[in-house]
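Working notes, structure below.
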Amino acid sequence: MFTVTFIVFLSVFYLSQTYQIKNDIEKQASQVVTRVALDINTLPIADPFFSYSGNTAVVESYVNKINKVLEKQAARIQLLNISIEQANSHDNILVQKLVDAHRDVYVSFIIQEQHLKSAYIVPLILALLNTAFYSWVNNAVARTRASRPEQKEKVEQPKKLVIDLYTKTIMLNSRKQDAVKLANKPLCFYLALVEYCESHPDVVLNQNKDVPDELIDIADKYFHRLITLGHTIRKRPNFSSSLEKTLSEIRAALDDIMAEHAELKTKYYPPKAHGEGSRSKIHSYGLANIGLIDIELIGK
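Our numbering numbers the first residue of the sequence shown as 107 and each following residue consecutively.
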């Protein structure tokens, strides 16, 4: 972390320093050239047009005077020469041209582009402070998380009956490990009962009356599905006989998987007769408010 931060701050500092130095040199050189332009008519600079060789000593004195001012200002430039002869450009030589009426005058400077090495302590300090601050923030966040109990929003899945035709078992989707095996006849009859009651929501199914043919046909459909899935079955069960036993087996299996969820029995549990028991003429073992959508059927 520190190394990356230091490199970033160092790069930014270097680029900004380079730009600032270049800008200072251009500004200082421009000021000197402006001063020379104002004084050029009084300086004894050689002029070939008038066959005038100039006065080198006076020009050098003028140059020294300018340099003393630049030195006091801690400028990054030093005036090298003012002449009609153009100096050769180098990395540390800057040449500016003044255009006079009948001659070109070249103002040459020695420039200093070196960076102040002691200033590079700044990016180091900034990198250290940034790393320390980042570590402090991370530790503060970690302490806050540790002191606050993690609260995970749990979305409870609605409880639903699951019937697996592959294994011939029934279970709740929330507790599939508590699956209960069911015989062919009660398994097929229960699925048929759900589908039939969904199509006939107001039907009254009394144990004293024959099982509707449509319900038996639906039970046969699921029975043939078991055969298709590869279950070894000797003969087709008689879905219209021993109805009380079939319903009892269904209720017993539902009791096992819904022992801790009695509220689900209202929907999935075939009602028991009251009063006169199974002989009650008003009793119906039909299921109300249920459909195949309320059952997760595996292997349909």
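Just so you know, even glycine gets a beta-carbon here, dropped at the ideal spot from N, CA and C.
Annotated as proximal: Ile-146 and Val-211, with beta-carbon spacing under 8 Å. Three or more beta-carbon pairs separated by less than 8 Å link the region 109 to 118 to the region 225 to 238, which places the two stretches in contact.
In terms of Cα proximity to Lys-266, the closest of Phe-119, Glu-304, Lys-373 is Lys-373. Apart from sequence neighbours up to five positions away, the residues of its chain that approach Leu-349 with a beta-carbon distance below 6 Å are Gln-313, ordered along the chain.
The beta-bridge partner set that DSSP reports for Lys-203 consists of Tyr-212. Around the Cβ of Arg-357, a 10 Å sphere holds 16 or more other Cβ atoms; the residue is buried. In the structure shown, Val-310 falls within a coil segment according to DSSP collapsed to helix, strand and coil.
For Ala-248, the enclosing alpha helix (DSSP H) has its first and last residue at 227 to 253. Looking at the DSSP output, Arg-342 sits in no beta bridge, so it has no partner there. Going by DSSP, Asp-145 is part of the alpha helix (DSSP H) stretching over 108 to 145. Annotation: Lys-291 is outside any beta strand (DSSP E); the continuous alpha helix (DSSP H) that includes it extends over 290 to 305.
In this structure the region 145 to 159 does not touch the region 262 to 281; the number of beta carbon pairs closer than 8 Å is below three. Cβ neighbours of Gly-392 within its own chain (closer than 6 Å, five residues either side excluded): Cys-303, Val-309, Leu-311. Taking C-beta atoms as the reference points, Arg-182 and Ile-151 fail to come closer than 8 Å.
Sorting Ile-188, Glu-191, Glu-177, Gln-220 by C-alpha distance to the C-alpha of Asn-198 places Gln-220 at the top.
Judged by DSSP in its simplified three-state form, Asp-153 adopts strand.
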